[in-house]
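These notes are about the structure you will find just below.
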Amino acid sequence: MRTVVITLLAVVILAAAGSLTFIYAGVYDVAATDPHWPITYWAMDTLRIHSVKLRARGITPPPNLASDARVLEGAEHFAAHCASCHGAPGVPRSETADGLYPSPADLRTSAEIYSPGELFWIV
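Residue numbers for the sequence shown, in our numbering: 188 to 310.
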């Protein structure tokens, strides 16, 4: 039993030391011109999805979001603050958005990933 505990402790210490060495050595390229590694995309996507789900837990969006007034207000807000980067039906992304890395999310798929309460928390 003692050998198992010592081995597990050694593995944890080596993993921590390796992680810190990787971080402080500056090995990972964070330049906006170079794409991330696949594992980095996976980690960021997984982190984002689970973070939103945790923070939006228990949030119920207002019941009248489908009212004409709310839809108009939301469309105006999106047009003023979101469409230039995310695009919209009939509205292409701006040149600035094309130069962003990572590129702004395509919000058409968000409803497939998130519940209404989660989308309300995000916005």
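Ideal Cβ positions, reconstructed from N, Cα and C, are used throughout, including at glycine.
If you're wondering where the values come from, they're calculated on a predicted model, not measured in any experiment.
Distance between beta carbons of residue j and residue i, contact taken as under 8 Å
{"i": "valine 239", "j": "tryptophan 308", "result": "7 Å"}
{"i": "glycine 304", "j": "proline 248", "result": "6 Å"}
{"i": "isoleucine 246", "j": "isoleucine 300", "result": "Not quite, the Cβ-Cβ distance comes to about 16 Å (not below 8 Å), so this is no contact."}
{"i": "tyrosine 288", "j": "alanine 219", "result": "4 Å"}
{"i": "alanine 253", "j": "phenylalanine 265", "result": "About 15 Å separates the two Cβ atoms, so there is no contact after all."}
{"i": "histidine 273", "j": "proline 250", "result": "Contact doesn't hold; Cβ gap of about 26 Å is too wide."}
Contacting residues, own chain, Cβ-Cβ under 8 Å from residue i (five flanking each side not counted)
{"i": "serine 271", "result": "Arg280, Ser281, Thr283 and Ala284"}
{"i": "leucine 306", "result": "Pro248, Ser297 and Ala298"}
{"i": "glycine 286", "result": "none"}
Paired residues, beta bridge with residue i - DSSP
{"i": "alanine 202", "result": "For alanine 202, which the question treats as bridged, DSSP gives no partner whatsoever."}
{"i": "alanine 275", "result": "Val278"}
Reference residue i, options the options, closest by Cα
{"i": "histidine 268", "options": "Asp221, Val217 and Val310", "result": "Val310"}
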